[in-house]
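Using this note's numbering, the first residue of the sequence shown is number 526, and each one after it goes up by one.
Don't be surprised by glycine CBs; every beta carbon is placed ideally from N, CA and C.
Since the structure is predicted, the reported quantities are computational estimates derived from the model, not experimental observations.
Have a look at the structure below, then the notes.
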Amino acid sequence: MLRLKEIKESLLHVVFPHVCDGCGSDLLNIESRLCIRCLASLPETNFEIHPNNPVEKDFWGRLNIIDGSAHLYFTKESLVQHLMHQLKYRGNKDLGVQLGRIMGNALKSSTRFNSIDALIPLPLFPSKEKKRGYNQAKVLCDGIAEILNLPVLSNVIIRPQYTETQTKKGRIERWKNIEGKFKLIDPAAIQNKHLLLIDDVVTTGATLEACGNELLSANNIKLSVATLCIASR
Ligand SMILES: [Zn+2]
Numbered sequence: 526m527l528r529l530k531e532i533k534e535s536l537l538h539v540v541f542p543h544v545c546d547g548c549g550s551d552l553l554n555i556e557s558r559l560c561i562r563c564l565a566s567l568p569e570t571n572f573e574i575h576p577n578n579p580v581e582k583d584f585w586g587r588l589n590i591i592d593g594s595a596h597l598y599f600t601k602e603s604l605v606q607h608l609m610h611q612l613k614y615r616g617n618k619d620l621g622v623q624l625g626r627i628m629g630n631a632l633k634s635s636t637r638f639n640s641i642d643a644l645i646p647l648p649l650f651p652s653k654e655k656k657r658g659y660n661q662a663k664v665l666c667d668g669i670a671e672i673l674n675l676p677v678l679s680n681v682i683i684r685p686q687y688t689e690t691q692t693k694k695g696r697i698e699r700w701k702n703i704e705g706k707f708k709l710i711d712p713a714a715i716q717n718k719h720l721l722l723i724d725d726v727v728t729t730g731a732t733l734e735a736c737g738n739e740l741l742s743a744n745n746i747k748l749s750v751a752t753l754c755i756a757s758r
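Structural data, given as structure tokens:
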């Protein structure tokens, strides 16, 4: 038989079925998605306020950026990995928006990112976006945009889908060929702007490099890059 305390807790869960996306503990404010303890334990890099940080150094000689940042350290079996998994494979868009707000606040606290005109989410392959139901970079942008009050330009650059002619090439060559391919379809929408290119994670930086260089082909562009996390290589 259930004790009174257990009945009360069960009822409370029915009335307030909100739990932290990090640890599963009860949350009073569903908007925040994360409890205070999880928020406090996020491994922040503070790259936002540090020029010449590892993200910027990584792009030296590869992609001409003004500023670069990644907000959190990604390690295996960690809270950040758990959150990333929910964002990418569990359809937790609300968590993505909240993580975007957290990124936005960190960018806002730095003077380095105060001349941005628009946000660009790194595009996914159309088939992948269809399967996932959304582009996680766009979801992050929505949260950042709320804090920084900036437009999100999600239709200026695309990632062309796999084509039949590429099937004739070798597997590795084919992968290289499609992985690094982006197509700027609306250069007029971004000309004379300082763009902040957004993705969920930076690892080798190859994809951001390819996308960023395609954006830089438009007229009079300044480019900066920010990701939610940085993975060790
Ligand atoms: Zn928590």
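So is the beta-carbon of serine 550 under 7 angstroms away from any non-hydrogen atom of ligand 1?
-> yes
Under 8 angstroms Cβ to Cβ from methionine 609, same chain only, skipping five residues before and after it: list those, please.
-> Phe599, Asp725, Val726, Leu753, Cys754
Just the Cα atoms here: how many angstroms apart are isoleucine 591 and isoleucine 627?
-> 22 angstroms
Can you give the Cα-Cα distance for tyrosine 659 and lysine 601, rounded to whole angstroms?
-> 24 angstroms
Is serine 742 near ligand 3, with its Cβ less than 7 angstroms from a heavy atom?
-> Annotation note on ligand 3: not contained in the displayed structure, which lists ligand 1 as its ligands.
Given phenylalanine 584 as reference, the closest of Lys708, Ala756, Glu739, Glu734 once Cα atoms are compared | Glu734
For proline 568 and lysine 613, the rounded distance between their alpha carbons = 19 angstroms
Continuous alpha helix (DSSP H) stretch holding histidine 607: start and end | 604–614
Rank Leu649, Asn630, Asp619, Ile710 by C-alpha distance to the C-alpha of serine 742 and give the top, closest one.
-> Ile710
Minimum length 4: unbroken alpha helix (DSSP H) runs contained in the segment 653–678 = 661–673
Ignore the nearest five residues each way along the sequence and tell me which others in valine 677's own chain have a CB closer than 6 angstroms to its CB.
-> Leu644, Cys666, Ala670
Span of the beta strand (DSSP E) around cysteine 548 | Taken as a continuous stretch (DSSP letters only), cysteine 548 belongs to no beta strand (DSSP E), as it is neither H nor E.
Any heavy atom of ligand 1 closer than 7 angstroms to the Cβ of arginine 562?
-> yes
Going by DSSP, name the residue or residues bridged to lysine 708.
-> Ile683
To the nearest whole angstrom, what separates the beta carbons of alanine 751 and leucine 559, a pair I think is in contact under 8 angstroms?
-> Actually they do not touch by this definition, with Cβ atoms about 20 angstroms apart.
Local conformation of glycine 586 per DSSP, three classes | coil
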